[in-house]
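**Q** Residue 78 in the working numbering is what sits at position 60 of the sequence shown, and the numbering runs on without skipping anything.
Think of the CB as a built atom: it goes at the ideal place given N, C-alpha and C, for glycine as much as any other residue.
This one's a predicted model, so the numbers in the text were calculated from it and none came from an experiment.
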Amino acid sequence: MTASGDPQSYSSGERVFGPPRGTFDPDWAATALRSNRPELDHPTSVRLVTQAWELLRERDIRGDELTAALASESGVDTDLAGAVSAIATETARFYLDRP
């Protein structure tokens with residue numbers, strides 16, 4: 019807040035998380051995924067990382083188990099599911115597993 023009480027502007031690219039149990043940002047995760055899989059468009063990336071995050075949170079699965087679930091439920095090939103799973107698993111490790 020400024021002295022006048024107005025909120026300060028939000029910086030482009032800035033992400034605020036509050037680990038542990040911080041807020042999952044699908045746009046940030048989609049950007050991370052696209053850095054490894056540039057052939058994906060942004061909406062597809064957002065959809066896939068959101069689906070992976072939901073599976074991770076609902077079933078408490080990660081790594082290979084998340085890859086298998088994502089491949090079977092989203093219909094993507096195992097290689098792409100593995101890339102998405104890696105982003106979701108690393109995000110969970112950083113934001114959910116902290117003491």
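1) Does DSSP put T41 in a helix, a strand or coil?
2) Which of the three DSSP states, helix, strand or coil, is assigned to G93?
3) Using the Cα positions of T49 and H60, report the straight-line distance between them to the nearest angstrom.
4) Who are the Cβ neighbours of A110 in its own chain at under 7 Å, not counting the five residues just before and after it?
5) Based on Cα-Cα distance, which residue from E72, S92, D78 lies nearest to T62?
6) When you compare the CB positions of A99 and A106, do they come within less than 8 Å of one another, or not?
7) What are the boundary residues of the alpha helix (DSSP H) that R77 is part of?
8) With a threshold of 16 other CB atoms inside 10 Å of the CB of T41, please say whether the residue is buried or exposed.
**A** The structure says:
1) Reduced to three states, the DSSP call for T41 is coil.
2) When DSSP states are grouped into helix, strand and coil, G93 belongs to the coil group.
3) Spanning the two alpha carbons is a distance of roughly 8 Å.
4) Scanning its chain for C-beta atoms nearer than 7 Å, with the 5 sequence neighbours on each side dropped, one finds around A110 the residues L74, R80, in chain order.
5) Restricting attention to E72, S92, D78, the CA atom closest to the CA of T62 is found in S92.
6) Taking 8 Å as the cut-off, the beta carbon of A99 is found no closer than this to the beta carbon of A106.
7) Segment 60 to 77, the alpha helix (DSSP H) holding R77.
8) Exposed, because fewer than 16 other Cβ atoms sit within 10 Å of the Cβ of T41.
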